[in-house]
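Down below is the structure, laid out as structure tokens.
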Amino acid sequence: LGLKVYVDKRRYKILSSLEWPPEKLSILTTKPDETILWVVPLGNVNLKKMSSYQTIRMRGFSRDFDRVVGFRPTGWSMSKSSDIVRTNSRDNLTVHAVPYSEHSSFPELIECLECLNPKRIIPTVSVHSSDDQVKLLVAYWKDSQANLV
């Protein structure tokens, strides 16, 4: 879009740790007055909470918007209709729910480990077998690394 993308300082720190090239990282800003394109918590992308983005007042910055549009990437947005993207609107607020899942297949997780080579893995899904799943994943990853040598 040719626009900078506003992210909060916590999210900027996380994205900076990915060691992106400077030209890629330069599209991000922690200054809300530099852009109209914002990354916000997923829980805020709904018709009830998005109204709070119509008028922004923070850190000496103030701005009113005529319209607020949100994109909600979540697997929960899949519908039985033929529409891939589900849209809800009220007044000058619009939310586009886009089918997306953070869940990866086992081979995709192995590929991610091979690419990132992490020192530690912390499961974020609270299931009783998460420790066993991480052990299985690491064992398979180590095995695949040994086969490369």
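Reading the sequence shown from the start, the letters are residues 356 to 504 in this note's numbering.
A virtual CB, placed ideally from N, CA and C, is assigned to each residue, including glycine.
Note that the structure is a prediction, hence the values are computed from the model and not measured.
Unbroken alpha helix (DSSP H) run spanning residue i, endpoints
i, result
"L464", "F461 to L471"
"I351", "Residue 351 cannot be examined here, being either before or after the span of the chain that is shown, 356 to 504."
"L380", "P377 to L380"
"R418", "Segment F416 to D419 is the beta strand (DSSP E) holding R418; no alpha helix (DSSP H) there."
Spatial neighbours of residue i in its chain, beta-carbon cut-off 8 Å, leaving aside the 5 residues before and after
i, result
"R499", "The displayed chain sequence assigns Ser, not Arg, to residue 499. Around S499: I465 and E469."
"K404", "G398"
Span separating the alpha-carbon of residue i from that of residue j
i, j, result
"K364", "H451", "26 Å"
"T426", "A494", "A small correction: the amino acid at residue 426 is Phe; Thr does not occupy that position in the sequence shown. Cα to Cα, the separation comes out at about 37 Å."
"G398", "K379", "26 Å"
"R412", "R418", "7 Å"
"K386", "Y367", "11 Å"
"D446", "I391", "19 Å"
Own chain residues within Cβ distance below 6 Å of residue i, not counting five before or after
i, result
"V362", "L383 and V394"
Start and end residues, beta strand (DSSP E) containing residue i
i, result
"P428", "V423 to P428"
Cutoff 7 Å; reference residue i; Cβ partners in own chain excluding five residues on either side
i, result
"V453", "F426, R427, P428, S432 and V440"
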